[in-house]
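Using my numbering, read the sequence shown as starting at -8 and increasing by one per residue.
Where a beta carbon is used, it is the ideal one built from N, C-alpha and C, also for glycine.
Report on the structure given below.
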Amino acid sequence: MSNLGLFVTASTIWGSTWYAITFQFGAVAPEVSVAYRFALAAALLAAWCRATGRSLTFSPRQHVGIAAQGALLFGLNYVGVYWAEQYVASGLVAVLFSTIVFLNPLGAHLFFGTPLTARALAGATLGVGGVALLFLPELIAARDGGDAARGIAYGLGATALASGGNLLAMRNQAAGIPIFPGTAWGMAYGAVVAGVAALLHGVDWAIDGRPSYVLSLVYLAVFGSIAAFGAYLTLIQRIGAGPASYVGVATPVVAMVLSTALEGYRWTALAAAGVVLALAGNVMVLRSGRRRPPEVLRND
């Protein structure tokens, strides 16, 4: 596949997963759906690693790092995303989640000493301002609490957890843990953590046999959690993490288009301006990090 094909594949699949998540709601609790999704993805990815001769054996010390990464990046993070999408349109959550582009450089600066540039700070300011404009009606409604406040809080919490997972992924990669076997184990640990969250929350372990639920689960596990991730990693190997990270700019665009067409999202001038500013901020941050870009594991 060409570089353009890899870019389009990752952007389109991840942009669509935000809407696909909405088919997971109903008879099955969000925590349980997350556990199902990553248990299936982990099993399939582990089978692929075995088939291609990749070792899945790690030391106890390495498993600690992988488990921490999986708990944040594939477990608690996705539980927060699923909760957020019950209260806020999927496209809006995707744009909100794009602020991870700002959190990753900040976290890399705090924990790894990676320098922050003036362009990155300006881009972060621009992007956050854009997200605030996009969510202005929800932010106004959030003053009185309710669904809007919960959706925004869950979305921001999920973004912070995913950023922490990315930082742990950087540490694991620096320690020599191979990406695909480590990800298979990380997804397994994430499924366990989501399962524990379900037990603590006291939800039922239901099974939904509707075609919409089963097909969306398979799509999220096979395509959203494995195929798009593989395309993105291949793109990183070919052109570098900096240019490949522009997938993060295209993904919320695809999500907003689908939300408009399929969820009936209604645009306003402020919302359009907010999306433009948020994406412009993303571009500025990514361009500022092209010389020393942190490795970013996507979260869609």
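- Assignment of Asp199 by DSSP, reduced to helix, strand and coil, places it in the coil class.
- Around the C-beta of Phe103, fewer than 16 other C-beta atoms lie within 10 Å, and the residue is accordingly described as exposed.
- Taken atom to atom, the span from the alpha-carbon of Leu63 to that of Val213 is near 20 Å.
- DSSP places Arg141 inside the alpha helix (DSSP H), whose first and last residues are Asp138 to Ala165.
- Apart from sequence neighbours up to five positions away, the residues of its chain that approach Val122 with a beta-carbon distance below 7 Å are Val86, Leu87, Thr90, Gly265 and Ala269, ordered along the chain.
- Here Phe65 has Phe29, Gly177, Met178 and Gly181 as same chain residues with Cβ atoms under 7 Å from its own Cβ, once five neighbours each way along the sequence are excluded.
- Excluding sequence positions up to five before and after Pro172, its CB lies within less than 7 Å of the CB of Cys40, Arg45, Ser46 and Leu47, all in the same chain and listed in chain order.
- Boundaries of the alpha helix (DSSP H) harbouring Pro172: Ile170 to His192, taken from the DSSP string.
- For Ile4, the enclosing alpha helix (DSSP H) stretches over residues Asn(-6) to Ala11.
- When the Cα atoms are used, Gly193 and Ala109 turn out to be separated by approximately 47 Å.
- Put simply, the backbone Cα of Leu208 is about 19 Å away from that of Gly82.
- If you ignore the 5 residues before and after Ile4, its C-beta comes within less than 7 Å of the C-beta of Phe214, Gly215, Ala218 and Ala219, all in its own chain and listed in chain order.
- When Cβ pairs closer than 8 Å are counted between the two stretches, the region 158 to 173 is seen not to touch the region 74 to 81, the count staying below three.
- Excluding the 5 residues flanking it on each side, Ala175 has same chain C-beta neighbours closer than 7 Å at Ala33, Leu36, Ala37, Cys40 and Leu47, in chain order.
- Taking C-alpha positions only, Gly120 is separated from Gly272 by approximately 9 Å.
- Under the three-pair Cβ rule at 8 Å, the region 194 to 205 counts as touching the region 13 to 21.
- Spanning the alpha carbons of Ile131 and Glu254 requires a straight line of approximately 22 Å.
- Close CB contacts of Arg229 within its chain, under the 7 Å cut and outside five residues either way in sequence, are with Asn(-6) (chain order).
- Assigned with DSSP and collapsed to three states, Phe220 falls in helix.
- The continuous alpha helix (DSSP H) containing Thr251 extends over residues Val238 to Leu253.
- Apart from sequence neighbours up to five positions away, the residues of its chain that approach Thr0 with a beta-carbon distance below 6 Å are Ala222, ordered along the chain.
- Put simply, the backbone Cα of Ala185 is about 16 Å away from that of Ile198.
- Annotation: Thr43 to Pro169 spans about 13 Å, alpha carbon to alpha carbon.
- Distances from the alpha-carbon of Gln53 to those of Phe(-2), Ala160, Leu101 and Ala189 put Ala160 closest.
- Counting of Cβ neighbours within 10 angstroms places Gly61 among the buried residues, the total reaching 16 or more.
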